[in-house]
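**Student:**
There are 2 protein chains.
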Amino acid sequence: MRQSKLFTKTKKEAPTDEISKNAELLIRAGFIHKEMAGVYSYLPLGLRVLNKIENIIREEMNMVGGIEMRTAVFQSKEVWEKSNRWDDDIVDAWFKTKLKNGGEVGLSFTNEEAYSNILKQYVSSYKDLPIYPYDFKNIFRNEVRSKSGIMRGREFYWKALYSFSRNEEEHNEFYEKMKVAYQNIFKRSGIGHLTYMTFASGGSFSKYSHEFQTVISVGEDTIYLDEDSGIAINKEVYNDETIKGLGLIKEKLVEKRAVEVGNIFSLGTRFSEPFDLKYKDEKSQENLVIMGSYGIGLGRLMGTVVEALADDKGIIWPESIAPFKVHLLLLGDDEDVKKEADHVYETLTKNNIEVLFDDRVGLSPGEKFADADLLGIPYRFVVSSRSMKDNGVEVKKRNEEKGKVVSLEELLVLLKHSA
Amino acid sequence: MRQSKLFTKTKKEAPTDEISKNAELLIRAGFIHKEMAGVYSYLPLGLRVLNKIENIIREEMNMVGGIEMRTAVFQSKEVWEKSNRWDDDIVDAWFKTKLKNGGEVGLSFTNEEAYSNILKQYVSSYKDLPIYPYDFKNIFRNEVRSKSGIMRGREFYWKALYSFSRNEEEHNEFYEKMKVAYQNIFKRSGIGHLTYMTFASGGSFSKYSHEFQTVISVGEDTIYLDEDSGIAINKEVYNDETIKGLGLIKEKLVEKRAVEVGNIFSLGTRFSEPFDLKYKDEKSQENLVIMGSYGIGLGRLMGTVVEALADDKGIIWPESIAPFKVHLLLLGDDEDVKKEADHVYETLTKNNIEVLFDDRVGLSPGEKFADADLLGIPYRFVVSSRSMKDNGVEVKKRNEEKGKVVSLEELLVLLKHSA
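Chains L and X supply the protein sequences, listed in that same order. Count along the first sequence starting at 1, add 7, and that's the number in our numbering. Count along the second sequence starting at 1, add 7, and that's the number in our numbering.
1) How would you call Arg152(L), buried or exposed, if buried means at least 16 neighbouring beta carbons within 10 angstroms?
2) Chain L partners of Val151(X), CB-CB under 8 Å?
3) Between which two residues does the alpha helix (DSSP H) holding Arg307(L) run?
4) Thinking Leu308(L) and Ile60(L) are a contact (beta carbons under 8 Å), I'd like their distance in whole angstroms, please.
5) How long is the line joining the alpha carbons of Tyr49(X) and Val362(L), rounded to whole angstroms?
6) What number of angstroms, rounded off, separates the C-alpha of Val47(X) from the C-alpha of Ser115(L)?
7) Would you say the region 221-235 of chain X touches the region 336-354 of chain X, given that touching needs at least three Cβ pairs under 8 Å?
8) Any idea if Asn406(X) is buried or exposed, counting beta-carbon neighbours within 10 angstroms, 16 or more meaning buried?
9) Just verifying my parser: in three-state terms, what is the DSSP assignment at Asn191(X)?
10) List the endpoints of the continuous alpha helix (DSSP H) containing Ser394(X).
11) For the candidate residues Phe278(L), Met76(L) and Asp397(L), whose alpha-carbon lies nearest to that of Thr15(X)?
12) If you draw a straight line from the alpha carbon of Val389(L) to that of Val130(X), how long is it in whole angstroms?
13) Between Glu75(L) and chain X, is there a C-beta pair that is closer than 9 Å?
14) Can you check whether the CB of Tyr139(L) is closer than 9 Å to the CB of Arg173(L)?
15) DSSP three-state label for Tyr286(L), please.
16) Where does Asp349(X) sit, in a helix, a strand or coil, going by DSSP?
17) List the residues of chain L whose Cβ lies closer than 9 Å to the Cβ of Ser83(X), in chain order.
18) State yes or no: is the beta carbon of Gly72(L) nearer than 9 Å to at least one beta carbon in chain X?
19) Below 7 Å CB to CB, which residues in the same chain sit around Thr249(L) once its five sequence neighbours on both sides are set aside?
20) Use the C-beta contact count for Met70(X): other C-beta atoms within 10 angstroms, 16 or more gives buried, fewer gives exposed.
21) Measuring straight from C-alpha to C-alpha, what distance separates Val313(L) and Trp324(L)?
22) Is any beta-carbon of chain X found at less than 9 Å from that of Gly53(L)?
23) Can you give me the Cβ contacts of Glu243(L) inside the same chain, cut-off strictly under 8 Å, excluding the 5 residues immediately before and after it?
24) Is the number of C-beta pairs between the region 152-162 of chain L and the region 182-194 of chain L that are closer than 8 Å three or more?
25) Can you check the region 42-121 of chain L for any beta strand (DSSP E) of at least 3 residues that lies completely inside it and give the ranges in chain order?
26) Going by CA-CA distance only, name the one from Gly45(X), Gly399(X) and Leu338(X) that's closest to Ser391(X).
27) Where do the N-terminal and C-terminal ends of the beta strand (DSSP E) with Leu370(X) fall, by residue?
28) Nearest to Glu326(X) by alpha carbon, out of Lys287(X), Gly383(X) and Lys375(X)?
29) Would you identify the three-state DSSP class for Lys404(X), choosing helix, strand or coil?
30) Taking C-alpha atoms, which residue in Phe193(L), Arg159(L), Ala79(L) and Gly160(L) lies nearest to Asp142(L)?
31) In angstroms with no decimal places, state the Cα-to-Cα distance between Ile64(X) and Gln220(X).
32) In chain L, which residues lie with their C-beta within 7 Å of the C-beta of Val362(X)?
33) Please tell me whether Tyr164(X) and Leu305(X) are closer than 9 Å, where the distance is taken between their beta carbons.
34) Evaluate Gly113(X) with the Cβ neighbour count: other Cβ atoms within 10 Å of its Cβ, from every protein chain shown; 16 or more gives buried, anything less gives exposed.
35) Determine, using beta carbons only, whether Gln10(X) comes closer than 9 Å to chain L.
36) Using a C-beta cutoff of 9 Å, does Leu126(X) count as contacting chain L?
So this is what it looks like as structure tokens:
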């Protein structure tokens, strides 16, 4: 894409009320627009990142047998009363709104009820199970404070998968698969090395739930990490019993600030019971379905990547979720240089390499370099009179200090072999 | 996909309060789930159709220079007060909800304000224009009645593009391109032959807006159609002046019921003025940006296709938006037949043909045929002991009466050359 056709521009400053690093950088670089505290629109560059994260998650969910659908945002009182979660005194995260012809509806803050209610129509026999449906959708939570940029939204884009299994054994087998799938997602998104499976409070149906916590200084959670095994314990269940139960040694655990980028937990029959979600087994006996819940906030993941990897010049995107792979900069207004830059752009595009081509006129090299650093695209290619003298393109990775001049042919090989 | 892995099942009946044909068929076939009047969840088959429609629209929008982004659902009072559309007495379609820490937010019912407000930050010079941003998102409208299934939702999935042009001439040029893009969308979605560009009421800035009206008996609009030219007039502007102005002859116009599947209109400076959206031209003079609006409801389009093309046995999907291209039916429980059906399934899948494979056991041929008719997938392939005797697969198109036995090799060629 030609940058001259991209309507967003970089800014020197973010809104004064924006105190989070992720939103500050993303707003300045033109990835998002702040509508109000905790509510952001995704501009073209931001949507590209979000879509890449979505595709990684989709691939991993499909791999374990997930099947995609899309539940509605509007939720009815009748459905949520079954599980006793309609009342604002019980769930205080609700946004509710009034129908013109009477009655109130809620805005999804999670999906257990919607899925249980839908599945109730389709599940009756052991042959109907297991089922692993999921969706991506906007979720709404009435947060009192919302100061963490896209890491804690009042409105946010969320993946939720629910597992419906015949028994504990089948449930546990899938739950283990999801642990791996989640680890794959964070690895593929570029924060695997900072993300730890963390034991957190369970519920009536399992001793622990599992969070995936990414260690960053602005994390809202406190975890205790065993760096050898990569296992962590959330503060909420950090006690001698847990430490011993997990075979860890207290003295080796390090306290860290971290952000929860995903969580998975066993629901047991918490929802299948109120929704009367049962199946007949081979002996025609009725059993309650065993459920599990597996969530990831895509904005939170995107914000965490920014927080974790950015430097003082701007964002650093991992290749897997970068809006483009290559940021091609044309320097100066010499006609031959312009022609060569056009040629490089077309060649890369023909080779299916995603390029943002900074073809803007009237900007100094310094301005273009600063913009490239702020935007954080992994490979910076520069075409200038100097690079042409050296018969190539100057290549520099965003996280490297120095570039080198390489021929276009070599570049194509290089990109083919990169992640 | 194996139908045994698809958790939805067909039903004999839709909910008793569902009076629209589109929702009745889509619910019975397991494409959607009714949450409440005007609110539907999209089950796996339904989401596949929605995604295909989305991709057709995206391709056409990108072709005319559109750039995708995604605005937030939550809208702030301050922004909408600028255009004087916050007050419920002025816009009665609003859903509003309260923030826990005070204040009210609205749920998007359209996007003019959000886009104007965002673009205001980025547009200052003639070099910044034109811009054609668009998004797909859920839109909410507080409809009093909602009895048309997915054709009129309280919550619905919507594409909106806004054009930002320097002057009337540039605006008109783009507007003409969008007419063609819209016609392409409806053609590609399989209802081009029933869809007519219709002159409807304009506003302060243009005499007419343009609707794309699909002729179906349950349409909520009345249009007057000139069948020779394919031009129609909406009842709201149907008068001697309009007829004469368009060069039509009153006696030749036929009254039809139709549903508006898309609309485009010129906004002039209706929004650029309150948002102070101006640019400096080549002479450093300030001018207001000229805007246009271009919307399509994806659920409405999907519902219209069902209404327009279904027969008394069920849905008939056009190939372009069908959830799968082929519905492969395995009949009987003979091991050789099963083996052959598996082979056909794998061969089609390997050739990148989307197949729903009805591998379910314990269903009669009649039940499988009835389900296939209800689901409406374009090609029905049957593997049975009879088709094997004839050394092939029995093929029938959903809209044909009789099938014929064809070899697998010929089928692959046939599918390659179909739409």
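Every residue gets a Cβ at the ideal spot worked out from N, C-alpha and C, and that includes glycine.
**Tutor:** Well, looking at it:
1) Residue mapping note: residue 152(L) aligns to position 145 of the first sequence, counting from 1. Answer is exposed; the Cβ neighbour count stays below 16.
2) Locating residue 151(X) in the second sequence gives position 144, counting from the first residue. Lys107 and Asn108, listed in chain order.
3) The sequence position of residue 307(L) within the first sequence is 300, counting from 1. From DSSP, the alpha helix (DSSP H) with Arg307(L) extends over Leu305 to Leu316.
4) Along the first sequence, one-based indexing puts residue 308(L) at 301. Along the first sequence, one-based indexing puts residue 60(L) at 53. Going by Cβ atoms, the distance from Leu308(L) to Ile60(L) rounds to 6 Å, so yes, they are a contact pair.
5) The residue you call residue 49(X) lines up with position 42 of the second sequence. The residue you call residue 362(L) lines up with position 355 of the first sequence. Approximately 35 Å, taken between the alpha carbons.
6) Working through the second sequence from its first residue, we reach residue 47(X) at position 40. Working through the first sequence from its first residue, we reach residue 115(L) at position 108. Looking at the sequence itself, residue 47(X) is Tyr, so the reference to Val does not match. So the two alpha carbons sit approximately 13 Å from each other.
7) no
8) By one-based count along the second sequence, residue 406(X) stands at place 399. Per the 10 Å Cβ criterion, exposed.
9) Along the second sequence, one-based indexing puts residue 191(X) at 184. Helix, per DSSP.
10) One-based indexing of the second sequence puts residue 394(X) at position 387. First-last of the alpha helix (DSSP H) with Ser394(X): Ser392 to Lys396.
11) Your numbering for residue 15(X) matches position 8 in the second sequence. Of the candidates Phe278(L), Met76(L) and Asp397(L), the one whose C-alpha sits nearest the C-alpha of Thr15(X) is Met76(L).
12) Counted from its first residue, the first sequence places residue 389(L) at position 382. Counted from its first residue, the second sequence places residue 130(X) at position 123. Their Cα atoms are separated by approximately 27 Å.
13) Start at 1 with the first residue of the first sequence, and residue 75(L) comes out as number 68. Closer than 9 Å: yes.
14) Against the first sequence, residue 173(L) aligns to sequence position 166. Against the first sequence, residue 139(L) aligns to sequence position 132. No, they are not a contact pair.
15) Locating residue 286(L) in the first sequence gives position 279, where the first residue counts as 1. In the structure shown, Tyr286(L) sits in a strand (DSSP, three-state: E or B).
16) Within the second sequence, the letter at position 342 stands for residue 349(X). In the structure shown, Asp349(X) sits in a helix (DSSP, three-state: H, G or I).
17) Working through the second sequence from its first residue, we reach residue 83(X) at position 76. Those are Glu42, Met43 and Val46, listed as they occur along chain L.
18) Within the first sequence, residue 72(L) is the residue found at index 65, counting from 1. It does; some Cβ of chain X falls within 9 Å.
19) In the first sequence, residue 249(L) corresponds to position 242, counting from 1. Taken in chain order, the residues that qualify are Phe206 and Ile240.
20) Taking the first residue of the second sequence as position 1, residue 70(X) is located at position 63. Exposed, because fewer than 16 other Cβ atoms sit within 10 Å of the Cβ of Met70(X).
21) Your numbering for residue 313(L) matches position 306 in the first sequence. Your numbering for residue 324(L) matches position 317 in the first sequence. Roughly 7 Å separates the two Cα atoms.
22) Against the first sequence, residue 53(L) aligns to sequence position 46. Yes - at least one Cβ of chain X is within 9 Å of the one on Gly53(L).
23) Indexing the first sequence from 1 puts residue 243(L) at position 236. Excluding residues within five positions, the ones whose Cβ falls inside 8 Å are Ala207 and Ser208.
24) no
25) 46-49, 81-83, 102-105 and 111-114
26) To locate residue 391(X), count along the second sequence from 1; it is residue 384. Out of Gly45(X), Gly399(X) and Leu338(X), Leu338(X) has the C-alpha closest to the C-alpha of Ser391(X).
27) As a working mapping, residue 370(X) is identified with position 363 in the second sequence. Note, Leu370(X): premise wrong, no beta strand (DSSP E); not H, not E.
28) Within the second sequence, numbered from 1, the residue matching residue 326(X) stands at position 319. Ranking the options by Cα distance to Glu326(X), first place goes to Gly383(X).
29) If you number the second sequence from 1, residue 404(X) lands on position 397. Strand.
30) Looking up residue 142(L) in the first sequence gives position 135. Comparing Cα-Cα distances from Asp142(L) to each of Phe193(L), Arg159(L), Ala79(L) and Gly160(L), the minimum goes to Ala79(L).
31) Residue mapping note: residue 64(X) aligns to position 57 of the second sequence, counting from 1. Residue mapping note: residue 220(X) aligns to position 213 of the second sequence, counting from 1. The alpha-carbon atoms of Ile64(X) and Gln220(X) are separated by roughly 17 Å.
32) Along the second sequence, one-based indexing puts residue 362(X) at 355. The contacting residues do not exist; Val362(X) stays about 16 Å from chain L at best.
33) Locating residue 164(X) in the second sequence gives position 157, where the first residue counts as 1. Locating residue 305(X) in the second sequence gives position 298, where the first residue counts as 1. It is a contact, given that the beta carbons lie within the stated cut-off.
34) The residue labelled residue 113(X) in the question sits at position 106 within the second sequence. So Gly113(X) ends up on the buried side.
35) In the second sequence, residue 10(X) corresponds to position 3, counting from 1. By this cut-off, Gln10(X) is not an interface position.
36) Against the second sequence, residue 126(X) aligns to sequence position 119. Yes, Leu126(X) lies at the interface with chain L (some Cβ there is under 9 Å from its Cβ).
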